[in-house]
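Protein chains: 2
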Amino acid sequence: MPTSSYAELCSLKREAATLASVAHLLGWDQETYMPSGGTAGRAEMSAAMAGLIHERETSKRLGELIAACASDKAVQTDDAAAANVREMRRDYDRATKLPKDLVTELANVGARSQDAWKDARKKSDFKAFQPWLEKMVALTRKKAECYGVPAGGELYDALLDEYEPDARAAEIEAVFNPLRDRLSGLVAELLDNGTPPDTASRKVHVPEAAQHAFGLKVIEQMGFDLTRGRLDTTTHPFCEGLAPGDTRLTTRYDENYFMAALYGIMHEAGHGLYEQGLPKQDAAGEPSSIYGTPLSEARSLGIHESQSRGWENFVGRGRAFWDWAKPVADGFFGSAFAKFSPDQVYRASNLVERSFIRVEADEATYNLHVMLRFGIERAMISGDLAIKDVPGEWNERFERMLGVKVPDDAQGCLQDVHWSFGLIGYFPTYTLGNLYAAQFFEAIREEAPDLDARIAKGDMSPVLDWTRKHIHSLGRRFTAAEICERATGKPLGPDPLMRHLEGKLRPIYGV
Amino acid sequence: MPTSSYAELCSLKREAATLASVAHLLGWDQETYMPSGGTAGRAEMSAAMAGLIHERETSKRLGELIAACASDKAVQTDDAAAANVREMRRDYDRATKLPKDLVTELANVGARSQDAWKDARKKSDFKAFQPWLEKMVALTRKKAECYGVPAGGELYDALLDEYEPDARAAEIEAVFNPLRDRLSGLVAELLDNGTPPDTASRKVHVPEAAQHAFGLKVIEQMGFDLTRGRLDTTTHPFCEGLAPGDTRLTTRYDENYFMAALYGIMHEAGHGLYEQGLPKQDAAGEPSSIYGTPLSEARSLGIHESQSRGWENFVGRGRAFWDWAKPVADGFFGSAFAKFSPDQVYRASNLVERSFIRVEADEATYNLHVMLRFGIERAMISGDLAIKDVPGEWNERFERMLGVKVPDDAQGCLQDVHWSFGLIGYFPTYTLGNLYAAQFFEAIREEAPDLDARIAKGDMSPVLDWTRKHIHSLGRRFTAAEICERATGKPLGPDPLMRHLEGKLRPIYGV
């Protein structure tokens with residue numbers, strides 16, 4: 000198959016990806032080890048790399064080669080190559096559609112808006128942030144217009160498409176709406192009629208070093224390859240698929256709440272396993288022949304999140320996990336923790352609470368937080384919701400969903416950084432990830448009915464093997480919807496997630 | 000002064016320097032935190048950056064601007080700008096003189112030759128390495144011929160010029176020869192007639208964490224700004240002036256020999272203070288207007304080494320230092336160390352030994368090791384010494400200088416990595432550094448006669464202030480010889496170093 004155009008195309012993409020890897024390292028280092036005095040210099044380094052990468056991603060030659068390959072029969076009759084070119088064209092179109100002025104304006108206004116947001120959140124003062132949010136929504140709408148409304152979609156879809164290609168807000172809504180009502184009902188059922196688990200085991204004091212050592216043990220057991228990755232400490236945990244054979248996780252530690260780091264580490268390692276499973280390297284450890292092309296890249300944020308949430312919630316917050324993990328943790332955490340049973344720790348890890356902050360929310364309420372944001376940002380983009388009305392709308396919806404009153408905007412619509420710099424269309428991918436994870440785990444259990452027994456012994460290979468085969472190895476060859484259908488036989492729906500949550504939480508709460 | 004050509008020239012240099020900073024980070028990360036699986040990918044990232052930097056350093060436009068500025072009266076009547084252009088021309092000429100084929104061949108053969116050297120050293124088998132060394136010397140000679148023999152010099156000078164601009168082998172020899180005889184004499188006097196100091200305090204077991212904490216305390220006291228730098232652990236210690244406001248030191252720890260890390264850290268921090276003192280940042284922490292140009296760069300390896308050896312040996316191995324450092328170290332090292340007096344530790348830190356390995360050598364014998372290499376590599380390049388005769392020549396010279404027989408080539412001519420990848424002309428800068436350091440410290444003492452009393456109280460500002468003023472702030476404005484003459488009133492000579500060593504070691508050894 001590989002015609003000379005296709006080969007040149009792949010080599011240009013690889014060049015750009017190599018520079019992108021360099022940029023990733025700049026970002027990783029800035030979050031982990033860079034001394035504060037290096038900030039201004041680092042900004043110049045990052046800007047230089049961004050410029051070089053942008054040049055390559057928008058080069059005329061790249062466009063010509065994509066066009067040539069799109070009409071080249073030899074390429075188009077090869078399914079993998081055709082998919083690769085389809086995805087390259089998508090990237091190229093997006094990269095070339097925004098005028099440079101708008102990119103600059105988004106970056107500049109976004110940076111100042113983010114500062115204003117920080118300040119406004121501190122003072123819980125929405126009015127101070129409102130003009131910035133108005134500017135950012137207006138600019139983001141402009142951006143969406145440049146991308147263009149996808150066929151049969153709405154303006155918001157043009158934004159969503161950046162994070163969850165081919166997804167449509169209307170389709171997401173059709174899944175989210177019934178889910179919201181059922182989740183609200185479940186939370187009310189648990190918290191109004193049930194008995195919460197004993198949380199003493201969550202509060203055991205565990206030194207940072209012990210948490211780190213245990214975390215490493217857990218991710219190794221998951222299959223994360225520490226010769227091709229590492230774990231560091233940052234203020235905001237993340238996973239960076241930095242380069243072929245180099246995937247970096249970070250976490251933060253609270254010595255009085257070890258579960259924050261443990262589940263944070265499992266979450267990031269879930270992302271990390273996806274990055275390690277993408278075909279970026281050949282058997283000899285060299286960058287693979289498709290490295291830098293879409294076939295070696297993660298499908299979407301929703302699929303990525305399904306990997307992290309899958310390991311965090313469907314493995315880590317499962318009963319079987321603690322059969323294996325409890326004695327291992329005892330070796331690191333000491334006697335204060337050893338007195339609890341695996342079952343006690345399992346139950347404590349599944350505490351449900353009506354809380355106001357998304358990033359601290361439990362598995363049941365988390366998606367309600369996300370759906371709230373999805374509804375509001377979609378209405379902001381369509382123009383149905385004036386920016387000045389955001390706090391009122393937020394508080395009303397929140398109370399309707401969770402039955403509690405938002406005390407102030409800092410704990411309400413000002414809590415997340417995303418909107419302040421124009422990150423709109425991103426939130427729904429969090430819940431899509433949970434939905435995909437639930438559906439994937441039902442399929443994994445179908446293939447490995449003894450999954451719990453194996454996890455209880457520390458054998459997590461059924462999860463890794465299944466995700467490697469049905470997701471990781473495919474890169475961006477299929478759409479997210481296609482991945483779901485091919486792997487589970489069904490389109491994405493709310494039932495698996497509800498079955499999972501109800502099946503786990505009702506017994507814990509005794510309802 | 001700044002004409003538009005000069006301004007454009009500086010901006011092109013800044014662009015290249017920014018990319019070089021990115022490349023530095025790639026290198027630093029590879030030595031510190033990169034997982035081994037990332038090796039192949041990292042090679043591709045580094046090669047990509049090297050290519051981009053080389054393009055910029057050899058661009059036609061850069062050459063035109065340098066030529067324009069060299070004949071621009073407005074530039075040439077401004078001393079700083081004229082010096083800046085003079086140094087840019089030097090860099091440009093060197094960068095453009097090597098044909099691309101030779102660069103590639105040097106890199107490829109060098110990498111394989113380094114592998115062969117590793118293997119040969121393990122087996123102490125010079126014969127196995129000989130053909131590689133022959134190839135590398137031939138290629139390096141070709142490189143020297145491309146650079147061209149400097150006026151009144153020899154072929155070796157063309158190589159030396161890369162590390163110690165404007166230095167000449169004949170001039171170095173004129174300083175080294177008398178130094179060698181006096182050093183050999185001193186070593187014999189100390190070891191044959193004197194009494195070595197008690198070394199018990201060197202052998203106290205100190206955990207790595209305590210050594211690290213004490214090391215940080217020491218470099219802060221030296222004036223190293225930890226908000227603009229950091230200290231990490233690597234197999235081979237180094238200092239990397241990574242970017243404006245970002246200077247990184249590394250060390251390694253031996254829990255049964257804390258002095259290795261302590262003096263290693265002081266050494267690298269000496270390099271680091273030079274990097275932090277170069278005018279790369281303005282008062283607001285932004286990259287300065289001359290960042291990326293020679294005026295913001297270190298003068299030469301010899302001058303760089305004078306800073307590291309100065310702090311390590313003239314401060315750190317001085318009597319006054321231990322008056323301050325001993326009680327501080329006690330706080331970190333505990334009771335086993337506390338029982339020694341500052342004087343005992345001072346004496347122990349100045350043990351002289353007839354050893355075979357340069358990197359483990361003490362202050363007195365170190366330069367003998369270096370001079371041996373200088374003589375041999377100079378003869379290799381001139382053709383006076385056939386490669387097959389290197390071991391014999393090495394062993395004969397070694398015995399003549401230090402009075403002991405080299406037991407095998409692993410402890411002889413195979414010990415250093417440098418020659419295996421063509422690093423020839425580099426060794427003499429180590430001893431130049433020691434000579435400069437001695438001469439600088441005599442000048443510092445002249446300006447601050449109470450230096451010891453102040454160091455004993457932890458006040459090391461006379462050293463930092465003097466070096467900031469006479470060296471760091473000047474960048475490459477003057478040649479190394481000019482820096483020396485301007486700062487000390489004399490050309491470089493062997494006397495200050497001999498005075499320093501004799502004055503310190505004779506009393507310790509009671510001769």
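These protein sequence lines are chains A and B, in that order.
Residue 147 in numbering that gives the first Met the number 0 sits at position 148 of the first sequence; the count goes up by one each step and never skips.
Residue 232 in numbering that gives the first Met the number 0 sits at position 233 of the second sequence; the count goes up by one each step and never skips.
Where is the CB? At the ideal position from N, CA and C, for every residue including glycine.
This one's a predicted model, so the numbers in the text were calculated from it and none came from an experiment.
**Asked** Is the beta carbon of B/A79 sitting closer than 9 Å to the one on B/L294?
**Response** Within the second sequence, numbered from 1, the residue matching residue 79 of chain B stands at position 80. Within the second sequence, numbered from 1, the residue matching residue 294 of chain B stands at position 295. Yes. Within cutoff.
**Request:** Tell me B/T250's beta-bridge partners as DSSP assigns them.
**Result:** Taking the first residue of the second sequence as position 1, residue 250 of chain B is located at position 251. DSSP, once it has assigned bridges, lists B/T232 as partnering B/T250.
**Prompt:** Would you call the CB atoms of B/G317 and B/Y290 closer than 9 Å?
**Reply:** As a position in the second sequence, residue 317 of chain B is number 318, starting the count at 1. As a position in the second sequence, residue 290 of chain B is number 291, starting the count at 1. Cβ atoms of B/G317 and B/Y290: not closer than 9 Å.
**Item:** Exposed unless 16 or more other CB atoms sit within 10 angstroms - verdict on A/H235
**Value:** For the purposes of this step, residue 235 of chain A is taken as the residue at position 236 of the first sequence. A/H235 is exposed by the Cβ-count criterion.
**Request:** Note down, in chain order, all residues in the segment 165-188 of chain B with a beta-carbon under 8 Å from any beta-carbon belonging to chain A.
**Result:** Along the segment 165-188 of chain B, there is no position whose C-beta sits under 8 Å from a C-beta of chain A.
**Prompt:** What is the DSSP secondary structure of A/E296, reduced to helix, strand or coil?
**Reply:** On the first sequence, position 297 is the one that residue 296 of chain A refers to. A/E296: coil per DSSP, three-state reduction.
**Item:** Residue interval of the beta strand (DSSP E) (run including A/L51)
**Value:** Here the question's residue 51 of chain A lines up with position 52 in the first sequence. Looking at the DSSP string, A/L51 is not in any beta strand (DSSP E); the run it does join, the alpha helix (DSSP H), is 38-56.
**Message:** What residue range does the beta strand (DSSP E) around A/A242 cover?
**Reply:** Position 243 of the first sequence holds residue 242 of chain A. A/A242 -> beta strand (DSSP E) spans 238-242.
**Asked** Which partner residues does A/Q280 have in the DSSP bridge list?
**Response** To locate residue 280 of chain A, count along the first sequence from 1; it is residue 281. A/Q280 pairs with A/P286.
**Prompt:** Got a sec: which bits of the segment 455-482 of chain A sit with their beta carbon under 9 Å from any beta carbon on chain B, in order along the chain?
**Reply:** none
**Item:** Same chain, Cβ closer than 8 Å to B/L215, five either side skipped, listed in chain order
**Value:** Residue mapping note: residue 215 of chain B aligns to position 216 of the second sequence, counting from 1. Counting only Cβ-Cβ distances below 8 Å, and skipping sequence neighbours, we find L225, L230.
**Request:** Identify the continuous alpha helix (DSSP H) that holds B/N9 and give its terminal residues.
**Result:** As a first step, residue 9 of chain B is located in the second sequence; it is residue number 10 there, counting from the start. The sequence as given places Cys at residue 9 of chain B; Asn does not occur at that position. Here the alpha helix (DSSP H) through B/C9 covers 3-31.
**Asked** Does the Cβ-Cβ distance between B/E484 and B/P493 come in under 9 Å?
**Response** The count along the second sequence starts at 1 and reaches residue 484 of chain B at position 485. The count along the second sequence starts at 1 and reaches residue 493 of chain B at position 494. For B/E484 and B/P493, no; Cβs fall outside 9 Å.
**Prompt:** Just checking my contact of B/Y155 with B/R372 at CB under 8 Å: how many whole Å lie between their CB atoms?
**Reply:** Start at 1 with the first residue of the second sequence, and residue 155 of chain B comes out as number 156. Start at 1 with the first residue of the second sequence, and residue 372 of chain B comes out as number 373. That belief does not hold up - the Cβ atoms of B/Y155 and B/R372 are roughly 12 Å apart, past 8 Å.
**Asked** Going along the chain, which residues of the segment 224-252 of chain B sit with their C-beta nearer than 9 Å to a C-beta in chain A?
**Response** For the segment 224-252 of chain B, the beta-carbon criterion of a distance under 9 Å to any beta-carbon of chain A is satisfied by D224, L225, T226, R227, G228, R229, D231, L241, A242, P243, G244, D245, T246, R247.
**Asked** Quick one: is A/A297 buried, meaning 16 or more other Cβ sit within 10 Å of its Cβ, or exposed?
**Response** Start at 1 with the first residue of the first sequence, and residue 297 of chain A comes out as number 298. With 16 or more other Cβ atoms within 10 Å, it is buried.
**Request:** Please name the residue or residues paired with A/D245 in a DSSP beta bridge.
**Result:** Numbered from 1 along the first sequence, position 246 holds the residue referred to as residue 245 of chain A. The partner list for A/D245 (beta bridge, DSSP) reads A/A242.
**Prompt:** Just by C-beta distance, which residues in the segment 33-45 of chain B are closer than 8 Å to chain A?
**Reply:** M33, P34, S35, G36, G37, T38, A39, G40, R41, E43, M44
**Backbone secondary structure at A/A442 - three-state DSSP** = Position 443 of the first sequence, counting from 1, holds the residue named residue 442 of chain A. Three-state DSSP puts A/A442 in a helix.
**Prompt:** Roughly how many whole angstroms lie between the Cα atoms of B/R93 and B/S299?
**Reply:** One-based indexing of the second sequence puts residue 93 of chain B at position 94. One-based indexing of the second sequence puts residue 299 of chain B at position 300. When rounded, the distance between both Cα atoms is 15 Å.
**Supposed close pair B/E304, B/Y162 - CB separation, criterion 8 Å** = If you number the second sequence from 1, residue 304 of chain B lands on position 305. If you number the second sequence from 1, residue 162 of chain B lands on position 163. The pair is not a contact, with the Cβ atoms about 10 Å apart (cut-off 8 Å).
**Selection from A/Q343, A/F332, A/G333, A/A335 that minimises the alpha carbon distance to A/F320** = Here residue 320 of chain A refers to the residue found at position 321 when the first sequence is read from its first residue. Minimum Cα distance to A/F320 is reached at A/Q343.
**Request:** Consider the Cβ of A/P286: report whether some Cβ of chain B lies at a distance smaller than 9 Å.
**Result:** As a first step, residue 286 of chain A is located in the first sequence; it is residue number 287 there, counting from the start. Judged by the 9 Å Cβ criterion, A/P286 is in contact with chain B.
**Asked** Between which two residues does the alpha helix (DSSP H) containing A/E63 stretch?
**Response** To locate residue 63 of chain A, count along the first sequence from 1; it is residue 64. It spans 59-69 - the alpha helix (DSSP H) in which A/E63 sits, taken as one unbroken run.
**Message:** Can you pull the chain B neighbours of A/T17, defined as C-beta to C-beta under 7 Å?
**Reply:** In the first sequence, residue 17 of chain A corresponds to position 18, counting from 1. The answer, in chain order, is E43, M44, A47.
**Prompt:** Does A/L24 get closer than 9 Å to chain B when you measure Cβ to Cβ?
**Reply:** In the first sequence, residue 24 of chain A corresponds to position 25, counting from 1. It does: the Cβ of A/L24 has a partner Cβ on chain B nearer than 9 Å.
**Prompt:** Since A/S20 meets chain B, which of its residues come closer than 8 Å, beta carbon to beta carbon?
**Reply:** Position 21 of the first sequence holds residue 20 of chain A. Within 8 Å Cβ-Cβ: G40, M44.
**Asked** Given a threshold of 16 other Cβ atoms within 10 Å of its Cβ, counted over all protein chains shown, does B/R416 qualify as buried or as exposed?
**Response** Here residue 416 of chain B refers to the residue found at position 417 when the second sequence is read from its first residue. Correcting the residue type first, residue 416 of chain B is Val in the shown sequence and not Arg. Counting Cβ neighbours within 10 Å, B/V416 comes out exposed, since fewer than 16 surround it.
**Prompt:** Would you say the segment 124-138 of chain B touches the segment 94-108 of chain B, given that touching needs at least three Cβ pairs under 8 Å?
**Reply:** yes
**Asked** Would you call B/T198 buried or exposed, if buried means 16 or more other Cβ atoms sit within 10 Å of its Cβ?
**Response** The residue you call residue 198 of chain B lines up with position 199 of the second sequence. B/T198 is exposed by the Cβ-count criterion.
**Request:** Would you grab the beta carbon distance between A/L8 and A/M87 for me? Rounded to a whole angstrom, and I think it's under 8 Å.
**Result:** On the first sequence, residue 8 of chain A is found 9 positions in, with the first residue counted as 1. On the first sequence, residue 87 of chain A is found 88 positions in, with the first residue counted as 1. Rounded, the Cβ-Cβ distance is 7 Å, consistent with contact.
**Message:** With a threshold of 9 Å between beta-carbons, can B/E296 be considered close to chain A, or not?
**Reply:** Counting from 1 along the second sequence, the entry for residue 296 of chain B is found at position 297. Not closer than 9 Å to any Cβ of chain A, the Cβ of B/E296 fails to qualify, so no.
**Message:** Quick check on the DSSP output: the alpha helix (DSSP H) that includes A/G109 runs from which residue to which?
**Reply:** By 1-based counting over the first sequence, the position of residue 109 of chain A is 110. 99-122 is the span of the alpha helix (DSSP H), which, as asked, contains A/G109.
**Item:** Separation of A/R467 from A/E14, as counted between CA atoms
**Value:** Taking the first residue of the first sequence as 1, we reach residue 14 of chain A at position 15. Taking the first residue of the first sequence as 1, we reach residue 467 of chain A at position 468. Their Cα atoms are separated by approximately 26 Å.
**Asked** Is B/R227 helix, strand or coil by DSSP?
**Response** As a working mapping, residue 227 of chain B is identified with position 228 in the second sequence. DSSP places B/R227 in coil when its eight states are reduced to three.
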